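Listed in order, the protein sequences are those of chains D and A.
Quick note: the first sequence uses the numbering used here, first residue 109, plus one each step.
Quick note: the second sequence uses the numbering used here, first residue 90, plus one each step.
Okay, so here's the structure we're looking at.
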Amino acid sequence: MRYLPLSAADRADMLGVIGAADIDALFADVPAAARLAAPIALPRHAGEAAVERALGRMAARNRAAGAGPFFCGAGAYRHHVPASVDHLIQRSEFLTSYTPYQPEIAQGTLQVLFEFQTQVAALTGLPVANASMYDGSTACAEAVLMATRVTRRRKAVLSGGLHPHYGATTHTLAHSAGVQVARLPAAVDAEAVVIAAIDADTACVVVQTPNVFGTVTDVSAIAQAAHAAGALLIVVTTEAVAYGLLKSPGEMGADIAVGEGQSIGNGLSFGGPYVGLFACTEKLLRQAPGRLCGETVDAEGRRGFVLTLSTREQHIRRDKATSNICTNSGLCALAFSIHMSLLGGAGLEKLARINHARALRARDALAAIRGVEILTGRFFNEFAVRLPRDAASFVEALAARDVLAGVPFSRLDPRAGLDDVLLVCATETTTDEDIQGLAEALNAELAA
Amino acid sequence: MTMLNVGRPTRPIGVLAPEAPAGHGKGLAQDEPLIFELDRWGKTGVDFDGEDDDLAAADLDGLIRTEAPALPGLSEPETMRHYVRLSQKNHAIDLALYPLGSCTMKHNPRLGEKMARLAGFADLHPLQPQSTVQGALEVMDALAHWLTTLTGMPAVALSPKAGAHGELCGLLAIRAAHEARGDARRTVLVPTSAHGTNPASAALVGYEVREIAQTAGGHVDLADLAAQLGPEVAAVMVTNPNTCGLFEREVLEISRLTHAAGAYFYCDGANFNAIVGRVRPADLGVDAMHINLHKTFSTPHGGGGPGAGPVVLSAALAPYAPAPWLVRDGDRLRLEEHGDGGASLGRVCAFHGQMGMYVRALAYMMSHGSDGLRQVAEDAVLNANYIKARLSGVMSAAFPDGPCMHEALFDDAWLEGIGVTTLDFAKAMIDAGFHPMTMYFPLVVHGAMLIEPTETESRRELDRFCDTLLELAAAAKAGEVERFKGAPFHAPLRRLDETLAARRPRLRWTPPAA
Chain D
109 MRYLPLSAAD RADMLGVIGA ADIDALFADV PAAARLAAPI ALPRHAGEAA
159 VERALGRMAA RNRAAGAGPF FCGAGAYRHH VPASVDHLIQ RSEFLTSYTP
209 YQPEIAQGTL QVLFEFQTQV AALTGLPVAN ASMYDGSTAC AEAVLMATRV
259 TRRRKAVLSG GLHPHYGATT HTLAHSAGVQ VARLPAAVDA EAVVIAAIDA
309 DTACVVVQTP NVFGTVTDVS AIAQAAHAAG ALLIVVTTEA VAYGLLKSPG
359 EMGADIAVGE GQSIGNGLSF GGPYVGLFAC TEKLLRQAPG RLCGETVDAE
409 GRRGFVLTLS TREQHIRRDK ATSNICTNSG LCALAFSIHM SLLGGAGLEK
459 LARINHARAL RARDALAAIR GVEILTGRFF NEFAVRLPRD AASFVEALAA
509 RDVLAGVPFS RLDPRAGLDD VLLVCATETT TDEDIQGLAE ALNAELAA
Chain A
90 MTMLNVGRPT RPIGVLAPEA PAGHGKGLAQ DEPLIFELDR WGKTGVDFDG
140 EDDDLAAADL DGLIRTEAPA LPGLSEPETM RHYVRLSQKN HAIDLALYPL
190 GSCTMKHNPR LGEKMARLAG FADLHPLQPQ STVQGALEVM DALAHWLTTL
240 TGMPAVALSP KAGAHGELCG LLAIRAAHEA RGDARRTVLV PTSAHGTNPA
290 SAALVGYEVR EIAQTAGGHV DLADLAAQLG PEVAAVMVTN PNTCGLFERE
340 VLEISRLTHA AGAYFYCDGA NFNAIVGRVR PADLGVDAMH INLHKTFSTP
390 HGGGGPGAGP VVLSAALAPY APAPWLVRDG DRLRLEEHGD GGASLGRVCA
440 FHGQMGMYVR ALAYMMSHGS DGLRQVAEDA VLNANYIKAR LSGVMSAAFP
490 DGPCMHEALF DDAWLEGIGV TTLDFAKAMI DAGFHPMTMY FPLVVHGAML
540 IEPTETESRR ELDRFCDTLL ELAAAAKAGE VERFKGAPFH APLRRLDETL
590 AARRPRLRWT PPAA
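Shown next as structure tokens:
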């Protein structure tokens, strides 16, 4: 077995050193009734070539996003990731290291986390960012719980523009913690009715911009209303490239910003692993979940970095911790940080503008099609359209024409009564030929 | 051009090394500033296509940030240097044994990296039509088959994103199951030796946490468990093998008592790597157990994630599993993403979980096969017992009688009166080329040193490790306290001031005051 260095002779010899008669003697504490005498009924070991063949066959049964016209977004976005990013994250010292608990021999990872936190803080416009969460949805749920701890209130108001998976994830966690969750109805301009839902029991308001229908909103007025009622504002962003162009959550008055960082540095990977971004105001720092990396000095006065404020965390505080999170998304955060280091603020802005321009072009192409109604007014790189009939069946029909036309809203929330709504996303990877392919396929399908 | 060396061979010269010039590095180890100190403000290291687009974004007037994010952009060569230099300041499993107990730092097969990067997996959107992702669903189905077969459990929820997330998911299922019967139980029992995530997860789900005592032999105290069980107890969470590296030999009695009290038996599966292929958790009476794919099935730890924490569930808990789950319709697979009308606890994350980890874990399982996985457990246990046997004469094993499982636990009794602490000893290991073991955990053992070698260490590396520790131990006992008190001396940095970091948190770079 290629991954097991011990030989039969090693094993026999080591058993001798231990003073055990055989390997079974080392498993003596297992109750006799639970000992398996023979290997479990599963395939036996296989060489690399055989495993590659089997998994390669499975991979080949999928239609890769890049294999043709592709317009899916809704919380996961296809962007170009520079080749150097994937090369660097496969460096053994990053890939095969553990959480940096021994800072003297983990400065590589720690400095990256410090740079990552600085980047996330700059993007979100807030002073403090943590070292990552599992993904945007769990970051959102943790932000809501944090707001209830800070305000000592037990109600969260979730905008109808919030990604339904984020709403569902937040609901699961908040419900078990005894927090009441008010999810407002899904609507393209759902932010307009959020303020009316804030009351004296509200711990936090959760709004997403660009929202799940693509609508971009200046949420400053919602921030003011929330603050006037003693509630916190949590701003969610599922498309991190938008940070390059749009007003930052901090600039609009957010107390907590959470985001999905996948767009920067990380591929689609069928939904995971991704990287949750989490930033907040200074005042809220000690209630924040997750790991924090801080600057300090070593015994000779040289600058170094350590994990810090760990008295918030599960391994110290156990049932009084601010979260149960342990493993987070270290390597995805590294990929994010490397890609962001290449882009810089200027590059991210340019990338964001290109995304926006591509989406406008897609919008214009679809707007010209009879039977297609553009629903989203002001958007970043994603917008909603209304089709003459059920969007899911349209998407299936277009997939048969090798065009992945977008995400039917009913896929995210079948109960919203928005079955004819399709979410369409374009990025810098979307070519004019792709847009033309989508338009032609839609035309053909509408004519059919 | 290469330098002409002919006729000028170098040879060692007996001259003492002068101090390295300050501020630029030492030998091949380069100093590296922060990206913010590289003078790349306003620049970018990415070239963009599509220059014919109108980039004015006039339609977003009033919604645009006043200026681009204040972040530097490095060219590709600068980027490579920056991260390669940083990487060299890290220890890694590819460099040497990484004996962190409870963490399972084993070799990460590169086949998994290669497979996860196939375009059919890596470049796949989670919300593409399901007809276009049948191969991805096949991966999930195959992984589920391996996990349920290896554990003997009827169901698995794949989506949790790490071990602690799996704990949360399992406890949510337990809570949902009790609530479905109108049985509002408030308490979860957790041994004092448990991972911190156990009580933290229970608290997150709204449970009160009570601790179960441990026997002098390092096992769950059955009498205390029996005394604490009652109608208010929702679940008992036990790690098995436990965090002392011991198999809970009374596990069948633990599960019997738990079930008799109407509670569920949650097993923390962080140490499943010690028993995979030799013991099925279902045969121990387990109701729910998370499996850290990044431990037992060796997806890379990546400096702190990402991991994956699927939870296997008993028939009693399976109806409460989170969405999504797989359904087979004839020869097609379908993801049920909403769990309409069912008892599902809801969603624990967006999309379908850690696909990238599923592919890697499946590659690992297929490579090892059922025979290889059994050998994994045996070699992991053999290696730990070998270390325990080799070090026990000098260091004090916390539980000297009988074998350990996959990790060897020592206490600090052997250091008493020397003036060297567990921390000092661990830091001195760094100077000798090894990452320290897990220190001061489990909390129930004084000055704990928890060593987990895993099955992927050779006899030679184990001996190198043991020889090093024995040599260090001899130095400590000989009174060479200075070697320990100030350690490490040879790492990229000396000991760091963690108190300062916490007292005056600096969590991001800020421009130096003008």
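Glycine included, C-beta positions come from ideal geometry on N, C-alpha and C.
All of these numbers come straight from a predicted model, not from anything done at the bench.
Might you give, ordered along the chain, the residues of its own chain that have their beta carbon closer than 8 angstroms to the beta carbon of residue i, omitting 5 neighbours on each side?
i       : result
V607(A) : With chain A covering only 90 through 603, there is no way to say anything about residue 607(A).
E165(A) : G134
R129(A) : P161, G162, L163, S164, E167
So, is residue i buried or exposed, given that buried needs 16 or more other C-beta atoms within 10 angstroms?
i       : result
G455(D) : buried
A308(D) : exposed
D521(D) : buried
Q303(A) : buried
D82(A)  : Outside the displayed span of chain A (90 to 603) sits residue 82(A), for which this structure offers no information.
E505(A) : exposed
G127(D) : exposed
K391(D) : exposed
D130(D) : exposed
A264(D) : buried
S501(D) : exposed
Does the distance from the C-beta atom of residue i to that of residue j stay below 8 angstroms?
i       : j       : result
Y185(D) : Q316(D) : no
A371(A) : V400(A) : no
T557(A) : G536(A) : no
T232(D) : A339(D) : no
M241(D) : S437(D) : yes
E359(D) : A157(A) : no
D326(D) : L152(A) : yes
E121(A) : H171(A) : yes
T221(A) : R171(D) : yes
N238(D) : G412(D) : no
H284(A) : T347(A) : no
P151(D) : G458(A) : yes
E587(A) : T416(D) : yes
L415(A) : A145(A) : no
L392(A) : L442(D) : Reading off the sequence, residue 392(A) comes out as Gly, not Leu. Yes, these two residues count as a Cβ contact at 8 angstroms.
G379(D) : H441(A) : yes
A407(D) : R583(A) : yes
V493(D) : V532(D) : yes
V344(D) : V366(D) : yes
T278(D) : L434(A) : no
Keeping to the same chain, check which residues put their C-beta closer than 6 angstroms to that of residue i; ignore five residues upstream and five downstream.
i       : result
P408(A) : A432
P330(A) : F336, N360, A363, M494
Y353(A) : I263, A324, D376
What does residue i touch in chain E if you count any residue whose Cβ is under 8 angstroms from its own?
i       : result
R186(D) : Among the protein chains in the structure shown, which are D and A, there is no chain E.
Give me, in chain order, the residues of the same chain whose beta-carbon lies closer than 7 angstroms to that of residue i; leave out the 5 immediate sequence neighbours on both sides.
i       : result
G275(D) : L266, R291
E426(A) : A412, P413
D460(A) : none
H464(D) : L353, F488, N489
*Which ranges would you report for the alpha helix (DSSP H) in the region 189-252 of chain A if only whole runs of at least 4 residues count?*
199-205, 208-211, 223-240
*Using a Cβ-Cβ cut-off of less than 8 angstroms, list which residues of the region 262-293 of chain D approach chain A; keep chain order.*
H271, H273, Y274, A276, T277, H279, T280, L281, H283, S284, A285, G286
*Ordered list of alpha helix (DSSP H) runs contained in the region 121-145 of chain D, each at least 4 residues*: 131-134
*Members of the region 131-145 of chain D near chain A, C-beta cut-off 8 angstroms*: I131, A133, L134, F135, A136, D137, V138, P139, A141, A142, R143, L144
*Ignoring anything shorter than 3 residues or poking outside the region 258-295 of chain A, list the beta strand (DSSP E) runs there in chain order.*
276-280
*What are the complete alpha helix (DSSP H) segments, minimum 4 residues, inside the region 303-379 of chain D?*
328-336
_Selection of the region 417-444 of chain A by Cβ proximity to chain D, strictly under 9 angstroms_ = E426, H427, D429, L434, G435, R436, V437, C438, A439, F440, H441, G442, Q443, M444
*Any residues in the region 180-193 of chain A with a beta carbon nearer than 9 angstroms to a beta carbon of chain D? Which ones, in chain order?*
Along the region 180-193 of chain A, going in chain order, the ones with a CB nearer than 9 angstroms to a CB of chain D are H180, A181, I182, D183, L184, Y187, L189, C192.
*Mind listing which residues of the region 351-371 of chain D have their C-beta closer than 9 angstroms to chain A's C-betas, in chain order?*
The residues in question are Y351, G352, L353, L354, K355, S356, E359, E368.
*Relative to chain A, which residues along the region 478-496 of chain D have a C-beta separation below 7 angstroms, given in chain order?*
R486
*Looking at chain D, which residues of the region 542-561 of chain A have a Cβ within less than 9 angstroms of any of its Cβ atoms?*
E544, T545, E546, S547, R548, R549, E550, L551
_4 or more residues per run - each alpha helix (DSSP H) lying fully within the region 135-198 of chain D_ = 156-168, 191-197
*Counting only runs that start and end within the region 463-502 of chain D, where is the beta strand (DSSP E) found for 3 or more residues in a row?*
490-494
_What are the residues in the region 355-370 of chain A lying within 8 angstroms of chain D by C-beta distance?_
Listed in chain order, the positions of the region 355-370 of chain A with a beta carbon within less than 8 angstroms of a beta carbon of chain D are I364, G366, R367, V368, R369.
*If you measure beta-carbon to beta-carbon, which residues of the region 162-177 of chain D are closer than 8 angstroms to chain A?*
Using a CB distance below 8 angstroms, the part of the region 162-177 of chain D facing chain A consists of A162, L163, G164, R165, M166, A167, A168, R169, N170, R171, A172, A173, G174, A175, ordered along the chain.
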